[in-house]
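Note that the sequence shown ends on residue 484 in my numbering; no numbers are left out. Here the structure comes first, spelled out in structure tokens, and everything after it is commentary.
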Amino acid sequence: MDRTRRSFLKGLAYAGGTAAVSAVPAVASEKRQAPDDAVGMLYDTTRCIGCKACVVACHEANDLPPDTRGNPLHDAPQSLNDRTKNIIKLYKEEGRRSYMKQQCMHCIDPACVGACMIGALQKREYGIVTWESSRCIGCRYCQVACPYNVPKFEWEEANPRIIKCELCNHRLAEGKEPACCEVCPRDAVIYGKYDDLLAEAKKRLADHPGRYVDKIYGEHDGGGTQVLYLSHVPFEKLGLPELGDEGVPKLNRTIQHGVYKGMIAPAALYVAMGAVMLRNRRKDDKGGES
């Protein structure tokens with residue numbers, strides 16, 4: 195076992211022991227806020243024409259293979275999957291219709307981050323939720339935890355990844371914007387600073403009160419998200435869940451803090467399982483090298 199891995203596993207054991215010995219607060223942390231440098235996207239259903247240029251651009255910008263599993267002649271994904279980080283769906287019912295853009299919401303208090311035992315998923319620069327391969331042990335708890343059903347696992351790959359929108363952070367580093375925003379012909383989805391996007395959404399609601407449902411989805415939902423929505427049909431019709439104003443991980447932390455306060459065994463077992471799974475994952479990555 196190399197020095198880096200050994201140090202990491204020792205760190206896990208130390209952290210687990212410290213957490214187990216320390217008394218865990220019974221009250222969950224205060225509501226989290228978007229970081230000062232937060233960026234995001236604003237999607238307006240009234241402007242989207244369903245051209246799916248954003249889906250194509252996302253595939254190209256992120257080097258994703260075409261999803262031809264539904265149609266061998268076309269790259270035509272039907273939903274988010276291990277080859278698709280961004281999708282446009284159609285809602286149609288009784289003469290009403292709307293398009294819906296789905297991708298990672300980059301939650302202010304992300305459930306996937308709260309569920310990841312090793313920290314492979316984190317909110318990093320600009321508040322973007324990103325995935326780090328070297329820390330992932332393949333437990334897929336992030337998939338279960340996400341209320342928006344976003345993270346996807348590469349079941350067909352020998353060295354699988356978690357696939358999700360990372361807001362084209364590699365393009366942001368080059369001074370560009372997310373590919374989906376760059377190509378949208380109607381500015382149905384726009385990129386910018388989170389505070390500016392929220393202000394723009396409020397302005398559109400005030401200027402056109404009869405055009406939209408009187409709400410900005412993501413302003414408070416699930417503790418807030420850095421991807422915001424305006425819609426002319428009820429948000430639940432578009433598949434956006436009703437979550438209330440509390441962050442999903444906040445409820446989890448409250449329950450866990452009450453159940454596990456002062457209990458050494460669960461914390462130690464959790465850390466031990468994580469260490470073993472990480473060791474096995476890295477052995478596979480290096481072709482079985484011990």
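Backbone N, C-alpha and C fix where the C-beta goes; we use that ideal spot for every residue, glycine too.
Check whether Y285 and C242 have beta carbons under 7 Å apart: Position 91 of the sequence shown, counted from the start, is the residue given in the question as residue 285. Position 48 of the sequence shown, counted from the start, is the residue given in the question as residue 242. Not a contact, by the Cβ cut-off of 7 Å.
So, with DSSP's three-state summary, where would you put E287? The count along the sequence shown starts at 1 and reaches residue 287 at position 93. It is a strand residue.
Residues near S327 in its chain [Cβ-Cβ closer than 8 Å; skip 5 each side]: Taking the first residue of the sequence shown as 1, we reach residue 327 at position 133. Answer for S327: A314, R355, listed in chain order.
Hey, out of Q227, V233, Y237, K225, whose CA is closest to R398's CA? Along the sequence shown, one-based indexing puts residue 398 at 204. Minimum Cα distance to R398 is reached at Y237.
Under 7 Å, do C340 and C248 count as touching if we go by C-beta distance? Counted from its first residue, the sequence shown places residue 340 at position 146. Counted from its first residue, the sequence shown places residue 248 at position 54. Their beta carbons are not under 7 Å apart, which means C340 does not touch C248 by this criterion.
Going by DSSP, what residue range makes up the beta strand (DSSP E) through G234? Taking the sequence shown and counting its residues from 1, one reaches residue 234 at position 40. Start and end: 233-238.
Are A395 and L424 close, meaning C-beta to C-beta below 7 Å? Along the sequence shown, read from residue 1 onward, the residue named residue 395 stands at position 201. Along the sequence shown, read from residue 1 onward, the residue named residue 424 stands at position 230. Cβ distance < 7 Å, so A395 and L424 count as in contact.
E360: buried (16+ other C-beta within 10 angstroms of its C-beta) or exposed? For the purposes of this step, residue 360 is taken as the residue at position 166 of the sequence shown. E360 is buried by the Cβ-count criterion.
Decide if S216 is buried, meaning its Cβ has at least 16 other Cβ atoms within 10 Å, or exposed. Counting from 1 along the sequence shown, the entry for residue 216 is found at position 22. For S216, the predicted model reports a pLDDT of 39, less than 50, meaning its position is unreliable; a value from the coordinates is still stated below. With fewer than 16 Cβ atoms within 10 Å of its Cβ, S216 is classed as exposed.
Measure the alpha-carbon distance for G308 versus I331 and round it to whole angstroms. Here residue 308 refers to the residue found at position 114 of the sequence shown. Here residue 331 refers to the residue found at position 137 of the sequence shown. Approximately 15 Å, taken between the alpha carbons.
Is V233 near K387, with beta carbons less than 7 Å apart? Start at 1 with the first residue of the sequence shown, and residue 233 comes out as number 39. Start at 1 with the first residue of the sequence shown, and residue 387 comes out as number 193. Yes, these two residues count as a Cβ contact at 7 Å.
Using DSSP bridges, identify the partner residues of K317. The sequence position of residue 317 within the sequence shown is 123, counting from 1. Bridge partners of K317: V323.
Taking 7 Å as the limit between beta carbons, can you name the residues of its chain near V453, skipping five residues before and five after? For this step, residue 453 is matched to residue 259 along the sequence shown. For V453, the pLDDT reaches just 44, beneath the cut-off of 50, and the residue's location in the model is therefore unreliable, although a value from the coordinates is still provided. Answer for V453: no residue qualifies.
Any beta strand (DSSP E) of 3 or more consecutive residues that is wholly inside the stretch 409-445: 421-424
From I322, E348, C336, D230, pick the residue whose C-alpha is nearest to that of D261; which is it? Position 67 of the sequence shown, counted from the start, is the residue given in the question as residue 261. With distances taken between Cα atoms, D261 lies closest to E348.
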